[in-house]
Amino acid sequence: MSDVLQALAKILEARKGAAPDSSYVASLYDKGLDAILKKVGEEATETVMAAKDGDTDKIVYEVADLWFHTLVLLAQQGLGPQQVLDELSRRFGLSGLDEKAARGNKNE
36 MSDVLQALAK ILEARKGAAP DSSYVASLYD KGLDAILKKV GEEATETVMA
86 AKDGDTDKIV YEVADLWFHT LVLLAQQGLG PQQVLDELSR RFGLSGLDEK
136 AARGNKNE
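Per the working numbering, numbering through the sequence shown is continuous, rising by one, with the last residue being 143.
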């Protein structure tokens, strides 16, 4: 796992026990799953809009926000980036069409 992801995952985990007024992430955890999901949705939409505009700097900025809030979601759910990387590794070399067919209709 990249050093940045590993360091960020540690910080996000540490923020779980912090006072809500001590950090942005601690305040998100305090607000609960719906607030975190709302942020993920907002950042996904902003990423799509940046891509539609074709502004590469803005795309990178918005994807960073999306990844960050997705990492917050993972941590809130007791997961981390390593599980996602492991899943990507499992899929590596597997035809996307074959992988999708193996899932059936779930996760479309």
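Even for Gly, the Cβ is constructed at its ideal location relative to N, Cα and C.
For the putative contact between residue i and residue j, defined by C-beta atoms under 8 Å, what is the C-beta separation to the nearest angstrom?
i          : j           : result
lysine 51  : alanine 110 : 7 Å
leucine 47 : valine 60   : 6 Å
Just to confirm before moving on: does the CB-CB distance between residue i and residue j stay below 7 Å?
i          : j            : result
valine 98  : threonine 82 : yes
leucine 68 : valine 107   : no
Leaving out five residues before and five after residue i in sequence, what residues of the same chain have Cβ atoms less than 8 Å from its Cβ?
i            : result
tyrosine 96  : Ala85
aspartate 56 : Ser62
By alpha-carbon positions, which one of the options ends up nearest to residue i?
i             : options                           : result
isoleucine 71 : Thr105, Pro116, Ile94 and Gly128  : Thr105
alanine 44    : Pro116, Lys87 and Phe127          : Pro116
serine 37     : Val119, Gly128, Arg125 and Gly139 : Val119
With a threshold of 7 Å on Cβ separation, who are the neighbours of residue i within its own chain once the five nearest residues in sequence on each side are excluded?
i            : result
glutamate 78 : Glu97, Asp100, Leu101 and His104
alanine 53   : Ala61
Between which residues of its own chain and residue i is the CB-CB distance below 6 Å, once the five residues before and five after are set aside?
i             : result
isoleucine 94 : Ala85 and Ala86
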